[in-house]
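A.B. asks: Numbering (the numbering used here), first residue to last: 316 to 433. The structure's right below; bear with me while I get my questions together.
Okay, structure coming up:
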């Protein structure tokens with residue numbers, strides 16, 4: 316799953332908006348233990364921003380593993396009921412959208428060959 320996935324730049328920008336909102340929320344609301352979470356979010360923001368800047372068309376290329384990690388973080392934050400209801404809804408939507416891009420880009424497993432035949 317280390318391959319890159321092309322996603323629309325609009326999805327990348329919406330993802331960046333969610334990440335920025337989480338960074339700001341954690342900086343304002345949470346004491347020092349959130350430092351690792353904030354660090355992860357900043358890393359995601361930097362990777363996504365670089366990908367958007369590097370693209371010259373309407374899509375951007377992001378590693379599948381990065382999209383999965385971002386979707387997992389957005390889902391975990393939504394499950395933890397971070398922020399107001401509107402923010403939680405946006406987190407759920409973006410996590411679902413990223414999961415769909417990963418699922419659609421991941422090839423189905425190859426069918427079993429002769430081992431299945433007796």
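Think of the CB as a built atom: it goes at the ideal place given N, C-alpha and C, for glycine as much as any other residue.
#1: From this set, 387, 380 and 371, which residue's C-alpha is nearest residue 421's C-alpha?
#2: Around the C-beta of residue 318, are 16 or more other C-beta atoms found within 10 angstroms, so that it is buried, or is it exposed?
#3: Any chance you could list the alpha helix (DSSP H) runs of at least 4 consecutive residues sitting entirely within the segment 321-351, in chain order?
#4: Assuming residue 334 and residue 360 make a contact with CB atoms under 8 Å, what is their CB distance in whole Å?
#5: Work out the CA separation of residue 404 and residue 358 for me, nearest whole Å.
#6: Note the first and the last residue of the continuous alpha helix (DSSP H) segment covering residue 408.
#7: Excluding five sequence neighbours on each side, which residues of the same chain lie with their C-beta closer than 8 Å to the C-beta of residue 416?
#8: Are the Cβ atoms of residue 356 and residue 331 separated by less than 8 Å?
C.D. replies: According to the structure shown:
#1: 380
#2: exposed
#3: 324-344
#4: 5 Å
#5: 23 Å
#6: 400-420
#7: Excluding positions up to five away in sequence, the list reads 320, 322, 326 and 382.
#8: With respect to residue 331, residue 356 sits apart: the two C-beta atoms are not nearer than 8 Å.
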